[in-house]
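Below is one structure, written out as structure tokens; the observations come after it.
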Amino acid sequence: MAGKGVRKLFIKGLWEENPVFRQILGICSALAVTNLLENTLIMGLSLIFVTSLSNVTVSILRQVTPSRIRMMVQTLIIASYVIIVDILLKAYLPDISEALGPYVGLIITNCIIMGRCEAFARSNPVWPSFLDGLASGLGYALVLLTVAFFRELLGFGSVFNIPVLPAEWTRWTIMVMPPGAFFMLGIVIWFVRSLGPKPAPKADARG
Amino acid sequence: MIGKRAFSVMYMLLLTLGFTSAVTLVYGVNEERIERNSRLKLQKIVLDVLNVPVPFPSQPSNIIEIFEDRVRIYILNGESIYMALSEDRRDIQGYAFRMSGAGVWGPIHGMMGVSHDLDRVLGVAFLDHSETPGLGGRISEEGFRNQFKGQPLPPERIKDTTYFRVQPPQATVRSPNEIDAVTGATGTSNAVERMVNGALNRYLPFLAELRLEQEELTP
Numbered sequence: 001m002a003g004k005g006v007r008k009l010f011i012k013g014l015w016e017e018n019p020v021f022r023q024i025l026g027i028c029s030a031l032a033v034t035n036l037l038e039n040t041l042i043m044g045l046s047l048i049f050v051t052s053l054s055n056v057t058v059s060i061l062r063q064v065t066p067s068r069i070r071m072m073v074q075t076l077i078i079a080s081y082v083i084i085v086d087i088l089l090k091a092y093l094p095d096i097s098e099a100l101g102p103y104v105g106l107i108i109t110n111c112i113i114m115g116r117c118e119a120f121a122r123s124n125p126v127w128p129s130f131l132d133g134l135a136s137g138l139g140y141a142l143v144l145l146t147v148a149f150f151r152e153l154l155g156f157g158s159v160f161n162i163p164v165l166p167a168e169w170t171r172w173t174i175m176v177m178p179p180g181a182f183f184m185l186g187i188v189i190w191f192v193r194s195l196g197p198k199p200a201p202k203a204d205a206r207g
Numbered sequence: 208m209i210g211k212r213a214f215s216v217m218y219m220l221l222l223t224l225g226f227t228s229a230v231t232l233v234y235g236v237n238e239e240r241i242e243r244n245s246r247l248k249l250q251k252i253v254l255d256v257l258n259v260p261v262p263f264p265s266q267p268s269n270i271i272e273i274f275e276d277r278v279r280i281y282i283l284n285g286e287s288i289y290m291a292l293s294e295d296r297r298d299i300q301g302y303a304f305r306m307s308g309a310g311v312w313g314p315i316h317g318m319m320g321v322s323h324d325l326d327r328v329l330g331v332a333f334l335d336h337s338e339t340p341g342l343g344g345r346i347s348e349e350g351f352r353n354q355f356k357g358q359p360l361p362p363e364r365i366k367d368t369t370y371f372r373v374q375p376p377q378a379t380v381r382s383p384n385e386i387d388a389v390t391g392a393t394g395t396s397n398a399v400e401r402m403v404n405g406a407l408n409r410y411l412p413f414l415a416e417l418r419l420e421q422e423e424l425t426p
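Sequences listed follow chains F and Y, in order. Residue numbers for the first sequence follow the numbering used here, beginning at 1 and rising by one. Residue numbers for the second sequence follow the numbering used here, beginning at 208 and rising by one.
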């Protein structure tokens with residue numbers, strides 16, 4: 001695949017069709033795991049792993065999978081990868097696995113993954129599908145890390161568990177709690193959208 | 208030639224078999240490690256609440272070694288009581304038992320250690336909880352847990368005694384059984400209060416009997 005095509009896939013995944021701030025997908029985990037950067041990073045990496053490998057597998061099987069059972073097949077593939085991630089986290093990063101709790105298992109229901117399988121991997125060759133999964137996963141991870149950066153900084157006064165603000169800093173308790181995630185995510189989406197081109201008149205009429 | 212439906216069923220069946228085998232394989236390879244992680248966590252917490260010193264930083268093998276050397280497990284009514292031997296291995300330094308209760312978001316499981324004479328608390332620690340990180344989750348921090356350390360326990364065992372009371376943090380003088388709550392986490396702090404009192408009410412009478420038995424055995 002040509003370099004230009006790769007770049008296009010990444011621009012789409014990270015910006016133009018970013019799953020979180022364009023398509024508003026994967027919000028549940030975006031709200032739940034973003035109060036510490038460390039947890040968010042592991043969550044993002046897990047999602048990148050699952051999205052890209054699920055895309056690869058769906059793409060490999062795309063010629064043989066009967067289309068009427070394709071959703072079942074996709075769910076099976078996604079669930080298998082997620083459980084593998086869960087097992088590996090429990091074995092090698094027990095503390096983080098505990099902090100993420102049920103949210104690793106809930107990656108199975110993350111719409112981003114099935115969305116990419118349906119929209120891309122089902123009808124594209126293996127390598128582009130892998131890159132598409134990678135790009136979408138990265139798009140998700142970067143937005144979550146941005147949200148987590150501000151939540152951890154304001155809520156704990158630290159970045160990756162390293163205190164950066166003076167001890168007299170009054171912690172914004174609300175940033176640690178779920179409502180903080182709503183505010184932060186809302187601000188991030190607002191900010192990003194205000195950077196982009198003005199919506200077409202059609203979109204205005206809808207609003 | 209097989210019909211389309213039959214193919215779909217066979218295809219799904221084979222695929223499921225393939226993926227579940229893969230998952231089982233990954234689990235099989237890591238099973239021992241996962242079990243060791245959770246055992247190690249329990250051992251660390253037992254040593255912590257029994258005030259058995261562990262060098263810092265310590266390797267997993269150190270923890271296992273110290274645990275096996277200093278802790279004996281006694282099964283009482285189907286539940287494990289952990290007994291710590293004193294440094295010369297002649298006396299019992301204290302007992303540790305599990306405690307659990309409903310937290311704000313889910314169950315909280317913890318461990319508590321009391322002295323051999325059952326007259327003071329040695330330590331409190333938490334095994335798992337789903338409290339809000341940074342709020343209720345701070346019960347796992349030493350600042351909160353250490354408040355229990357060394358607190359006296361009354362010698363009388365009266366039913367439903369409130370051994371500890373969790374109070375909003377203030378700059379006033381405290382009576383010994385008052386514990387500062389975690390700021391912004393009243394629900395979790397109250398849950399801990401219920402758990403600690405419940406566990407003490409439940410285990411102290413048992414432990415008193417256990418002590419008498421042991422005294423009879425060793426004149």
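The C-beta atom is built at its ideal place from N, Cα and C for all residues, glycine as well.
Not flagged as an interface residue toward chain Y: L37 of chain F, since no C-beta distance is shorter than 8 Å. Annotation: A229 of chain Y to E238 of chain Y spans about 14 Å, alpha carbon to alpha carbon.
The C-alpha of F413 of chain Y is placed about 53 Å away from the C-alpha of T146 of chain F. Within the same chain, M306 and G308 come within 8 Å of G405 of chain Y by CB-CB distance, once the 5 residues on both sides are set aside. For a Cβ distance threshold of 9 Å, residue set N237, R240, I241, N244 and S245 of chain Y lies close to K90 of chain F, ordered along the chain. For L283 of chain Y, same chain residues with a beta-carbon under 7 Å away, outside a window of 5 residues either side, are F413 and L417 in chain order.
Listed along chain Y, the residues sitting closer than 8 Å to P66 of chain F by beta-carbon distance are K211, F214, S215 and Y218. For K366 of chain Y, the closest of Y:L257, Y:H316, Y:G391 and Y:N408 by C-alpha to C-alpha distance is Y:N408. Within the segment 47 to 128 of chain F, no complete beta strand (DSSP E) segment of 3 residues or longer occurs. When the five nearest sequence neighbours on each side are left out, the beta carbons in the same chain lying within less than 7 Å of the beta carbon of F160 of chain F are those of L37 and E38, in order along the chain. Exposure of T369 of chain Y is indicated by the presence of fewer than 16 other C-beta atoms within 10 angstroms of its C-beta.
In the same chain as N384 of chain Y, and ignoring 5 residues on each side of it, the C-beta atoms closer than 7 Å to its own belong to Q358, Y370, F371 and R372, in chain order. S337 of chain Y has a beta carbon lying within less than 8 Å of a beta carbon in chain F. With fewer than 16 other CB atoms across the displayed protein chains lying within 10 angstroms of its CB, G225 of chain Y is exposed. Annotation note: the segment 270 to 326 of chain Y contains the following uninterrupted beta strand (DSSP E) runs of length 3 or greater, listed N- to C-terminal: 278 to 283, 286 to 292, 299 to 309 and 314 to 322.
By the criterion of a C-beta distance shorter than 6 Å, F150 of chain F is surrounded in its chain by M184, once the five residues flanking it on both sides are discounted. In terms of CA proximity to Q74 of chain F, F:T109 leads the group F:A181, F:T109 and F:S158.
In the same chain as F49 of chain F, and ignoring 5 residues on each side of it, the C-beta atoms closer than 8 Å to its own belong to Y81, V85 and G137, in chain order.
Listed along the chain, the chain Y residues whose CB falls inside 9 Å of the CB of E118 of chain F amount to none; the nearest CB is some 17 Å away. Interface residue (Cβ-Cβ distance to chain Y less than 8 Å): T173 of chain F is classified as such. For a Cβ distance threshold of 7 Å, residue set L222, T223 and F226 of chain Y lies close to L76 of chain F, ordered along the chain. Under DSSP, no beta-bridge partner is assigned to Q377 of chain Y. Within the segment 158 to 169 of chain F, no residue has its Cβ closer than 9 Å to any Cβ of chain Y. Taking C-alpha positions only, Q63 of chain F is separated from G133 of chain F by approximately 19 Å.
In the three-state DSSP reduction, R22 of chain F falls in the coil class, being neither helix nor strand.
Scanning chain F for C-beta atoms nearer than 9 Å to the C-beta of L342 of chain Y yields T173, V176 and M177, reported in chain order.
When the Cα atoms are used, A303 of chain Y and A135 of chain F turn out to be separated by approximately 50 Å. M217 of chain Y and A392 of chain Y have their alpha carbons spaced roughly 54 Å apart.
For the 8 Å CB-CB criterion, G343 of chain Y and G310 of chain Y form a contact.
Taking the Cβ atoms as the reference, G317 of chain Y lies roughly 6 Å from L334 of chain Y, within the contact range of under 8 Å.
Inclusion of F263 of chain Y and P66 of chain F in the CB contact set at 8 Å is not warranted, their separation being larger than that value.
According to the DSSP assignment, G330 of chain Y belongs to the beta strand (DSSP E) that extends over V328 to D335. What A332 of chain Y touches in chain F, judged by beta-carbon distance under 9 Å, is nothing: the nearest beta carbon there is about 14 Å away. Shown in chain order are the members of the segment 31 to 56 of chain F whose Cβ falls below 7 Å from a Cβ of chain Y: N35 and L36.
Note on geometry: alpha-carbon atoms of I174 of chain F and W312 of chain Y lie some 17 Å from one another. Between T57 of chain F and I77 of chain F, the CB-CB gap stays under 8 Å.
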